[in-house]
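Below: one structure, written as structure tokens.
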Amino acid sequence: MNTGKCIQLEKKVILNTYSRPDFVLTHGKGVYVYDKENKKYLDFCAGIAVNALGHCEKTSVKILKKQAEKLWHCSNLYYSEPQIRVAELLTRITFADKVFFCNSGAEAIEGALKIARKWAHAVKDKNAHQIISFHQAFHGRTFGALSATGQPKFWEGFEPLVPGFVYATFNDLESVKKHITPHTCAIIAEPVQGESGIFPAQKAFLQGLRNLCDENNCLLIFDEIQCGLGRTGSFCAYEHSGIEPDIMTMAKPIAGGLPMGTILMKDHIAEHTKVGNHGSTFGGGPLVSRVAEHVIKTIADGDFLTHVKKTGQYLKDQLSQIKSDKITAIRGKGLIVGVELDQDPQKIIQTCVSNGLLLCKAGNNTIRFLPPLTVKKKHIDKAMGIFQRSLKG
Ligand SMILES: Cc1ncc(COP(=O)(O)O)c(C=O)c1O
């Protein structure tokens, strides 16, 4: 099928939930992807913070091929070693004692909310079901995750939401305190709010959330689906704050582009979720887990994280040097950077795409820079050239 035919057929047969530019991607290598016309794009979207090691990274492909000949799927009715290895690795690297595997970010959020409520039912009481989330948060599209997403524009037409969610103001501890009651089960927060425009949480704010949870016997859940796994320059984004959550979700880049979601938690929480309480047919299957083990090991390496810190700083420095009165702010940490504009960025993003640079929007007025974590300075220089030209556009 040529590009036109593909797009025409897509309009006919795919539910119209996405607005896509008019090219069809066929393959990728490193930080580049290619379309049907063999046009090359520098990918600073990375599948929305997913392709952390770039496209078709050599070792990932090798591991995937090898495992594809052994065992793809066996369900969670049976033990399989790749899954156990990934869990052991994650518990070694992070705060967590136990891991649950699923297939996406939203699914990880659903499970995290269920596990938190199970804990509260056992440790507090059955009315301690309330979850404090934040305005401008994004946690996913399924009902629990949507209810935790403090942005009414995503709720429209889908109400009623799951009961028990209240919303405080991000980076405003006083507003959180006002919502704490004996019915509070947990606070859920992104250490860097991603979808709403790249807003990093202040260190004191995260520390304050930790204290509030401790003082009021509720759980602190961090959603690191977008900002975790090396994106900010540390393996977990919470490491910058010096505190730890009780539950954490990770997904997007964890299996290098294959679908995997994870819920990480402490033992004292895990012990209240029993056999039959939660489950997944596909979660943590051998194929994705073998790749995830490699991705996690690669990202957790000190030199790799130093590279992310350095290139992230370089990206921010280069963006700061661009002289354009369209830019109103630059925010971010490591390789999750948002450039806020004085206008809807969609047109500028489209121009960037036409000029061979993939970027994505966040919130109403921000362009997100989320390159593969393996990006080099030379790629950033190239991206800056295209971005600058497209801004003038
Ligand atoms: C912070 C955060 N949480 C949850 C999700 C939902 O993840 P998924 O699209 O894999 O369901 C996203 C997706 O963008 C996200 O950025």
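Counting in our numbering, the sequence shown runs from 877 upward without gaps.
Ideal placement from N, C-alpha and C gives every residue a C-beta, glycine not left out.
Please read all numbers here as calculations on a predicted model, not as lab measurements.
When C-alpha distances from Val1184 are compared across Gly1137, Asp1122, Cys1103 and Ile1119, the shortest belongs to Cys1103. Boundaries of the alpha helix (DSSP H) around Glu957: Glu957 to Ile969.
DSSP assignment within the region 997-1082 yields the following whole alpha helix (DSSP H) runs of 4 residues or more, N-terminal first: 1019-1024, 1028-1031 and 1049-1053. Around Asp1218, the same chain offers Lys1202 and Thr1204 as residues with beta carbons nearer than 7 Å, after the five sequence neighbours per side are excluded.
Around the C-beta of Asp1090, fewer than 16 other C-beta atoms lie within 10 Å, and the residue is accordingly described as exposed.
Between the region 1170-1181 and the region 1005-1013, the count of C-beta pairs closer than 8 Å stays below three; the two stretches do not touch. In the three-state DSSP reduction, Glu1120 falls in the coil class, being neither helix nor strand. At least 7 Å separates the beta-carbon of Lys888 from that of Cys932.
Looking from the CA of Leu1037, the closest CA among Ala1021, Pro1058 and Leu1195 belongs to Ala1021.
A straight-line Cα-Cα distance of about 16 Å links Leu1163 and Ala1127.
For Thr1204, the three-state secondary structure derived from DSSP is strand. By the Cβ criterion, the region 1185-1195 is not in contact with the region 994-1010, since fewer than three pairs of Cβ atoms, one from each stretch, lie closer than 8 Å.
Taken atom to atom, the span from the alpha-carbon of Leu901 to that of Ala1004 is near 48 Å. For the options Glu1169, Glu1147 and Gly1155, the alpha carbon positioned closest to that of Ile1130 is the one of Glu1169. Any heavy atom of ligand 1 counts here; residues with a Cβ closer than 6 Å to one of them, in chain order, are Ile924, Ser980, Gly981, Ala982, Ile985, Phe1014, His1015, Gly1016, Glu1066, Gly1070, Glu1071, Asp1099, Ile1101, Gln1102 and Ala1127.
Sorting Val1167, Ser1051, Val1068 and Thr1138 by C-alpha distance to the C-alpha of Leu940 places Val1167 at the top.
Under the 10 Å beta carbon count, Met1141 is surrounded by 16 or more other beta carbons and is classified as buried. Nearest to Asn979 by alpha-carbon distance, out of Asn1241, Ser951 and Lys1186, is Ser951. Taking 7 Å as the cut-off, the Cβ atoms of Leu1249 and Gly1040 do not count as close. Counted as a single uninterrupted DSSP element, the stretch harbouring His931 is not any beta strand (DSSP E), since DSSP gives it neither H nor E. Pro1028 is classed as exposed because its beta carbon has fewer than 16 other beta carbons within 10 Å across all chains shown. Check the Cα spacing between Asp1220 and each of Arg1207, Gly1232, Arg1244 and Leu1233: the tightest is with Arg1244. Between Asn927 and Gly1137, the gap from beta carbon to beta carbon reaches 7 Å or more. Note: Met1126 is bridge-paired with Thr1138 in the DSSP secondary-structure output.
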